Amino acid sequence: MASTSTTVSSMTTAIVDANRRNARDTRADGLFRRVVAGAGVFVLITLAGAALSMLWGGREAFLTFGPGFLWSTEWDAVNHTFGALVPIYGTLVTALIAMVIAVPVSFGIALFLTEVAPNWLRGPVAAAIELLAGIPSIIYGMWGLFVFVPLMGAHVTPWLNDHLGKWPLIGPLFSGPPLGIGMLTAGIVLAIMVIPFISSVMREVFLTVPTRLKESAYALGSTTWEVVWDIVLPYTRSAVIGGIFLGLGRALGETMAVTFVLGNAHRLSASLLEPGNSIAATIANEFTEADSDIYRSSLIALGFLLFIVTFVVLALAKLMLNRLSRQEGAK
Amino acid sequence: MSDVSDRLYRRRRLVNGFNLVASGLCAAFGLFWLVWILWTTLAHGIAAMKPGLFTQMTPPPGSDGGLANALFGSLVMSVLAILIGTPIGIAAGTYLAEFARKKPLGEAIRFVNDILLSAPSIVLGLFVYTLVVRQMGHFSGLAGGIALALIVLPVVVRTTDEMLQLVPSQMREAALSLGIPQWKVTLQVLYRSALPGIVTGILLALARISGETAPLLFTALNNQYWTHDLTSPMASVPVVIFQYAMSPYESWQSLAWAGAFVVTVFVLLLSVLSRAILLRNKVSHD
């Protein structure tokens, strides 16, 4: 009788212990969950905080200059009048040049790495191209300034002047002093920088095309090019556009490389060979020298504009990329 | 009739051949720039190498010196960034992979994180400027570290999320069925399995911030002297490179090349190392 009661009491303690441990575990789990969820929400807050803090920092400029801030070309630190058109124009034009060069080249690289190159060559070439993405942008800038700019100034710019410069319509784009620095140089450097991003997205999505689909086309007598152009590309269209937008987002926001080779000139000019400015380069060059509140505020306002534009471009990129994976998942 | 189809066939073959050759040229075009840029950095950098580089301070214009204070500043701010960014990043990645896989909040965080991953770094610098520098009233190494941490964060979130999703769900179920609480399962089972991937992510983040210039320009600013005071402006290799490369002095430009060389070698070593970790892990899994 006595032994039974001890068993019962030890069982009760065991149950109580277990219950207590259960409660403790539940509490710890709840805490754990709250901590990691908090960290997750922190990511959201960071982005929102970045946007709001720049809107706040730039409010003085927005209030003083009104919407005219967007299309005024004046950038005068002495008289405290600032307009964003020159940097906006420079950002858009350099990014556009970069995309005109980078998109076809990236497509070519992706095609080479998925359909053309022998298997043993694919890994090393892909790794080397991705290495290009790892090189810090300041290295691109230095290389651009010390190696590429003199070359552009001595050979490429004069040649463009002599040949394309006399053409109707596009002539004004390619006539200008043989400085080497300028929009065209910046665009080319940007193109080199975004090629690895675009080509690696394209390569990855090209590999998701079902082999059955490609083989069917081959069986009908298609050439490799026809398979890529008529089967692979339409199948992956949205993701390919997403990859291009990803590269565009990078090109718009790139700072250091552009700062080195763009020339920091607040002047609107039709020629691609003239020095110009971009939003990011303006901020990098002038922020620490900004000596008045309105000057600093104008620069932060520029940052806000850049942030909004890249946000929209990158969001579109993400949506486009998600579309293919959803389509993949639906099967 | 056969003449027409013959001509068509030949034209298709020609177009095909032309485009495939062009694709090879595109790959060669990409590699060409890689080799050129690396070659320039190596050639100029090795020529500018000297023993004093790691022991002497950054010099005033025209005189001789090294990059010791800049290297130290970069080290301090990078370590600070990793210390801040990694725990938050791993926790947020854990939330995404373990608690919010198909939930709207999780999708929103993933979306925002991917945007942060490609957001212009200069914008993050402006953010930290208004958040930290303005409040403190002066530039500081601490602000620089925080700005870099914001670049580390999305990289770590992304890799942690992906690596945890790769852990087979049987492992979670087996551990949970033993009555182990979820936090213990995550810390002692899942993290152990995902560790190589997470470490790779941290190394990649380190590679990214060690060459990052734009967010430091107006957070840490620069400093001509050695300092380990986090509340004072701090030199970093990229900012010194920027300042010296843009200068007209030859001795400064040569130091900039030396700095560029050190940064490039460091970044390339990190990327090779992280690749090696991933590869070894893949082999041992198979």
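Chains as they are written, first to last, in my numbering: chain C, 185 to 515; chain Y, 29 to 314. Glycine included, every Cβ here is placed at the ideal spot set by N, Cα and C. Please read these numbers as outputs of a predicted model, since none were measured by experiment.
In chain Y, which residues lie less than 8 Å from residue i when you measure between Cβ atoms?
i: Met478 of chain C; result: The amino acid occupying residue 478 of chain C in the given sequence is Ile; Met does not appear at that position. What Ile478 of chain C touches in chain Y: nothing, since even the nearest Cβ is about 15 Å away.
i: Ala464 of chain C; result: Pro148, Ile150 and Ala242
Taking residue i as the query, report the chain C residues whose CB atoms sit under 7 Å from its CB, ordered along the chain.
i: Asn251 of chain Y; result: Under the 7 Å cutoff, chain C gives no residues; its nearest Cβ is about 13 Å from Asn251 of chain Y.
i: Asn47 of chain Y; result: Trp409
i: Ile230 of chain Y; result: Per Cβ cutoff of 7 Å: no residues; Ile230 of chain Y is ~15 Å from chain C at best.
i: Thr123 of chain Y; result: Checking the sequence, you will find Tyr at residue 123 of chain Y rather than Thr. In chain order: Val220, Ala221, Ala223 and Gly224.
i: Gly101 of chain Y; result: Residues of chain C passing the Cβ test: none, with the nearest at roughly 15 Å.
i: Phe139 of chain Y; result: Lys502
i: Val217 of chain Y; result: Correct list: empty, because the minimum Cβ distance to chain C is about 14 Å.
i: Asp142 of chain Y; result: Lys502
In chain Y, which residues lie with their C-beta within 7 Å of the C-beta of residue i?
i: Arg434 of chain C; result: Ser146
i: Ser237 of chain C; result: Phe155, Thr158 and Leu159
i: Ala279 of chain C; result: Those do not exist, as Ala279 of chain C stays about 12 Å from chain Y at its closest Cβ, beyond 7 Å.
i: Phe471 of chain C; result: Leu245 and Phe246
Quick one: is residue i buried, meaning 16 or more other Cβ sit within 10 Å of its Cβ, or exposed?
i: Arg236 of chain Y; result: buried
i: Ala198 of chain C; result: exposed
i: Leu144 of chain Y; result: buried
i: Val268 of chain Y; result: buried
i: Tyr273 of chain C; result: buried
i: Gln281 of chain Y; result: buried
i: Thr188 of chain Y; result: buried
i: Val63 of chain Y; result: exposed
i: Met195 of chain C; result: exposed
i: Asp260 of chain C; result: exposed
i: Thr214 of chain Y; result: buried
i: Ile174 of chain Y; result: buried
i: His450 of chain C; result: buried
i: Arg510 of chain C; result: exposed
i: Asp314 of chain Y; result: With a pLDDT of 46 at Asp314 of chain Y, under the threshold of 50, the predicted position of this residue should be treated as unreliable, and no value is reported.
i: Gly165 of chain Y; result: exposed
i: Val270 of chain C; result: buried
i: Tyr324 of chain C; result: buried
Which chain Y residues sit within Cβ distance under 9 Å of residue i?
i: Ala268 of chain C; result: Per Cβ cutoff of 9 Å: no residues; Ala268 of chain C is ~15 Å from chain Y at best.
i: Phe253 of chain C; result: The contacting residues do not exist; Phe253 of chain C stays about 17 Å from chain Y at best.
Quick check on this structure: which residue in the options has the alpha carbon closest to the alpha carbon of residue i?
i: Ala245 of chain Y; options: C:Ala485, C:Val289 and C:Met440; result: As written in the sequence, residue 245 of chain Y is Leu, which differs from the Ala given in the question. Closest option to Leu245 of chain Y, Cα to Cα, is C:Met440.
i: Arg186 of chain Y; options: Y:Arg200, Y:Ile116 and Y:Gly173; result: Y:Ile116
i: Ile467 of chain C; options: C:Val331, C:Ala312 and C:Gly437; result: C:Gly437
i: Ile305 of chain Y; options: Y:Arg40, Y:Tyr253, Y:Gly229 and Y:Pro132; result: Y:Gly229
i: Ser422 of chain C; options: C:Gly355, C:Ala464, C:Asp213 and C:Phe390; result: C:Phe390
i: Ile137 of chain Y; options: C:Leu457, C:Gly224, C:Ile323 and C:Ala212; result: C:Gly224
i: Ala75 of chain Y; options: Y:Gly225, Y:Phe294, Y:Leu301 and Y:Val290; result: Y:Val290
i: Ile425 of chain C; options: C:Ser383, C:Ala268, C:Ala449 and C:Leu397; result: C:Ser383
i: Ile179 of chain Y; options: Y:Arg308, Y:Ile112, Y:Trp61 and Y:Glu126; result: Y:Ile112
i: Ile229 of chain C; options: Y:Leu133, Y:Ser260 and Y:Ile226; result: Y:Leu133
i: Gly225 of chain Y; options: Y:Leu297, Y:Leu298, Y:Ser302 and Y:Gly207; result: Y:Ser302
i: Ile286 of chain C; options: C:Gly355, C:Asn203 and C:Met386; result: Before going on, a small fix: residue 286 of chain C reads as Ala here, not Ile. Looking at the Cα atoms, C:Met386 is the closest of the given residues.
i: Ala55 of chain Y; options: C:Val200, C:Asn203, C:Ile293 and C:Ala268; result: C:Ile293
i: Thr392 of chain C; options: C:Pro418, C:Gly405, C:Ser406 and C:Ile372; result: C:Pro418
i: Leu59 of chain Y; options: C:Thr265, C:Thr248 and C:Val289; result: C:Val289
i: Leu194 of chain Y; options: Y:Ala125, Y:Leu249, Y:Gln210 and Y:Tyr157; result: Y:Ala125
If you reduce the DSSP assignment to three classes, tell me which class residue i lands in.
i: Leu298 of chain Y; result: helix
i: Asp213 of chain C; result: helix
i: Thr86 of chain Y; result: coil
i: Asp260 of chain C; result: strand
i: Thr230 of chain C; result: helix
i: Thr265 of chain C; result: strand
i: Pro362 of chain C; result: coil
i: Ile305 of chain Y; result: helix
i: His450 of chain C; result: coil
i: Gln252 of chain Y; result: coil
i: Arg39 of chain Y; result: helix
i: His166 of chain Y; result: coil
i: Asp477 of chain C; result: helix
i: Met326 of chain C; result: helix
i: Glu201 of chain Y; result: helix
i: Phe332 of chain C; result: helix
Name the chain C residues whose beta carbon is nearer than 8 Å to that of residue i?
i: Ala55 of chain Y; result: Gly292, Ile293, Phe296, Leu297, Ala301, Val309 and Ile313
i: Ala284 of chain Y; result: Met326
i: Ser299 of chain Y; result: Leu315 and Gly318
What do you reckon, is the C-beta of residue i under 7 Å from a heavy atom of the ligand ZN?
i: Ile382 of chain C; result: The model depicted lacks the ligand ZN and carries no ligand whatsoever.
Could you name the residues of chain C that residue i contacts, counting a contact when the two beta carbons are closer than 9 Å?
i: Phe127 of chain Y; result: Arg217, Val220, Ala221 and Gly224
Query raised in the report: Name the residues in the segment 191-219 of chain C whose C-beta lies less than 7 Å from a C-beta of chain Y; which are they?
Result: Asp209, Ala212, Asp213, Phe216, Arg217 and Val219
Requested in this report: Anything in the segment 487-500 of chain C with a Cβ closer than 8 Å to a Cβ of chain Y? List those residues in chain order, please.
Outcome: Gly487, Leu490, Phe491, Thr494, Phe495, Leu498 and Ala499
Query raised in the report: In chain order, what residues of the segment 189-213 of chain Y put their CB closer than 9 Å to some CB of chain C?
Result: Gly207, Ile208, Pro209, Gln210, Trp211 and Lys212
**Report entry** Residues in the segment 329-350 of chain C having any Cβ partner in chain Y nearer than 8 Å
**Finding:** Leu329, Phe330 and Val331
Report task. Would you list, in chain order, the members of the segment 62-93 of chain Y that have their beta-carbon closer than 7 Å to a beta-carbon of chain C? Result -> Leu62, Ile65, Thr68 and Thr69
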